[in-house]
Ligand SMILES: Cc1ncc(COP(=O)(O)O)c(C=O)c1O
């Protein structure tokens with residue numbers, strides 16, 4: 001048993017409303033789980049982003065917020081934390097991860113340029129497209145095989161990457177490694193792969209960045225799974241990961257266990273000066289970037305807490321606990337389990353529902369009806385339509401994600417979640433799929449509504 005490295009000091013009441021009420025509420029919001037009121041949800045596994053529980057130490061930091069427009073001491077603390085943990089020289093705060101992506105891509109990506117990566121997260125991809133660039137996924141083939149056990153499914157396929165680069169090296173804006181790889185199921189990237197990617201980018205004079213939202217969880221997997229790292233500290237592994245990077249973007253809502261925030265960290269002063277201009281324009285002055293002083297203080301403290309090994313062992317252990325329980329009950333899930341979430345294969349769970357009728361979204365709806373548990377679809381609805389043909393994109397992985405917030409739920413909550421999923425599984429053959437009632441032209445997983453198929 002992995003023991004929790006904390007105890008509970010503050011609690012928040014949650015309610016399980018009756019089943020008939022749940023059926024009514026989800027129908028009323030057009031079967032879009034984003035439109036539900038949080039009071040109507042019992043266990044919320046929609047996301048691990050910004051939903052973590054801050055520590056007493058972080059809350060104490062909140063009281064020390066220096067809300068000066070410029071030169072806040074909390075920014076100094078944030079800068080010191082990033083320098084000491086990641087080793088970068090310059091830090092630009094942003095309101096959250098996508099703010100960092102916006103600023104970086106405005107400077108680094110020219111129209112028609114390509115940004116290859118393992119698998120870009122959706123906001124990352126959208127920001128590259130926003131400046132008329134192209135985001136290309138070069139993850140290894142195993143990443144698309146839900147049942148294949150591979151310790152580092154977030155790795156970049158080096159020959160695919162070289163293939164793109166060799167076509168036209170001048171046309172590559174930069175290369176991005178997302179660690180862990182959220183879109184691929186929270187799967188880690190090995191240090192060997194990071195080194196190999198770096199060799200390729202260095203040879204071709206291309207900048208290498210990390211989307212570091214879950215950098216600490218990635219480091220934990222390296223310690224656990226990669227030869228030669230068992231006796232290294234998380235801090236040492238993080239430093240080594242980052243030593244291969246020109247910089248990183250960070251959503252502080254994940255591994256910094258903050259409710260909001262983000263930053264860009266880099267080594268190059270000239271690039272820093274360019275990015276600083278855009279930061280002031282889009283985010284705020286370079287010593288707050290859209291965050292309050294108190295948020296920066298909590299973030300600085302959260303960064304240190306996020307790399308504590310006992311915390312990471314318990315956190316990743318919770319994800320594994322849910323994964324193993326579901327897997328033992330015969331539920332088809334992605335393997336190995338990722339760092340922040342368990343991904344259920346919607347097509348495997350509901351094989352009688354065609355992909356055009358959204359099996360993973362159907363599963364999310366059923367888990368809400370069954371027990372007030374909210375997950376999220378990472379499948380056909382999220383994938384959207386092809387920009388050129390207008391046709392639906394049918395992703396190879398059509399999944400329901402159960403993201404585990406950091407330091408929020410106990411084993412009883414997680415046991416309950418597993419029970420609900422298993423109950424839905426037992427009556428799977430009777431479950432019917434959905435079609436659009438309203439299809440939003442953009443960001444359709446957030447804004448569309450659905451109706452249930454009659455037959
Ligand atoms: C890998 C990754 N990158 C970037 C982002 C965007 O960060 P934010 O939500 O803070 O804008 C996310 C958010 O979920 C993410 O998972």
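Numbering (my numbering), first residue to last: 1 to 455.
The beta carbon of each residue, even a glycine, is placed where N, CA and C say it ideally should be.
The way I'd put it, the region 341-356 doesn't touch the region 244-254; fewer than three beta-carbon pairs between them come closer than 8 Å. With a cutoff of 8 Å on beta-carbon distance, residue 216 and residue 307 are scored as near each other. Contact between residue 197 and residue 156 holds: their C-beta atoms lie close to 5 Å from each other, under 8 Å. Counting only residues whose CB is nearer than 6 Å to a non-hydrogen atom of ligand 1, the list in chain order is 49, 96, 97, 98, 121, 123, 124, 178, 182, 211, 213, 251, 253 and 262.
The straight-line gap separating the alpha-carbon atoms of residue 283 and residue 94 is approximately 6 Å. Below 8 Å, too few C-beta pairs join the region 356-376 and the region 120-133 to call them touching: fewer than three. Proximity of the region 289-298 to the region 250-268 meets the contact definition, three or more beta-carbon pairs being nearer than 8 Å. If you draw a straight line from the Cα of residue 218 to the Cα of residue 210, it comes to about 12 Å.
The beta-bridge partner set that DSSP reports for residue 345 consists of 399. The Cβ-Cβ distance between residue 406 and residue 48 falls below 8 Å. Ranked by Cα distance from residue 279, the first of 105, 148 and 362 is 105.
Counting the other CB atoms within 10 Å of its CB gives residue 88 a total of 16 or more, which places it among the buried residues.
The DSSP-derived three-state label of residue 421 is helix. With a minimum length of 3 residues, the unbroken runs of beta strand (DSSP E) contained wholly in the region 112-162 fall at 114-117 and 134-137. Taking 8 Å as the cut-off, the beta carbon of residue 255 is found no closer than this to the beta carbon of residue 225. Note that the C-beta distance between residue 361 and residue 434 is below 8 Å. Within the model, the alpha-carbon separation for residue 138 versus residue 63 is close to 44 Å. Separation of the CB atoms of residue 191 and residue 229 is rounded to 7 Å, and the pair is thereby assigned contact status at 8 Å.
DSSP, read as helix, strand or coil, puts residue 29 in coil. Looking at the DSSP output, residue 373 shares a beta bridge with 43.
Cα atoms of residue 317 and residue 420: separation of roughly 20 Å, rounded to the nearest angstrom. Residue 404 and residue 388 have their C-alpha atoms spaced approximately 36 Å apart. In this structure, residue 165 lies near residue 206, with their beta-carbon atoms less than 8 Å apart.
Using a Cβ distance threshold of 8 Å, residue 393 and residue 31 do not count as a contacting pair.
Of the other Cβ atoms in all chains shown, fewer than 16 fall within 10 Å of the Cβ of residue 111; this residue is therefore exposed.
In the three-state reduction of the DSSP assignment, residue 392 falls in the strand class. The alpha carbon of residue 3 has as its nearest neighbour, out of 449, 417, 411 and 422, the alpha carbon of 411.
Under a 10 Å Cβ-count criterion, residue 1 is classified as exposed, with fewer than 16 other Cβ atoms of the shown protein chains found around its own Cβ. Residue 448 and residue 26 have their C-alpha atoms spaced approximately 13 Å apart. Under the three-state reduction of DSSP, residue 250 is assigned to strand. In the displayed model, residue 305 falls within a helix according to three-state DSSP.
Taking 8 Å as the cut-off, the beta carbon of residue 272 is found closer than this to the beta carbon of residue 90. At a Cβ-Cβ threshold of 8 Å, residue 346 and residue 379 count as neighbours. Nearest C-alpha to residue 96 among 159, 250, 232 and 72: 250.
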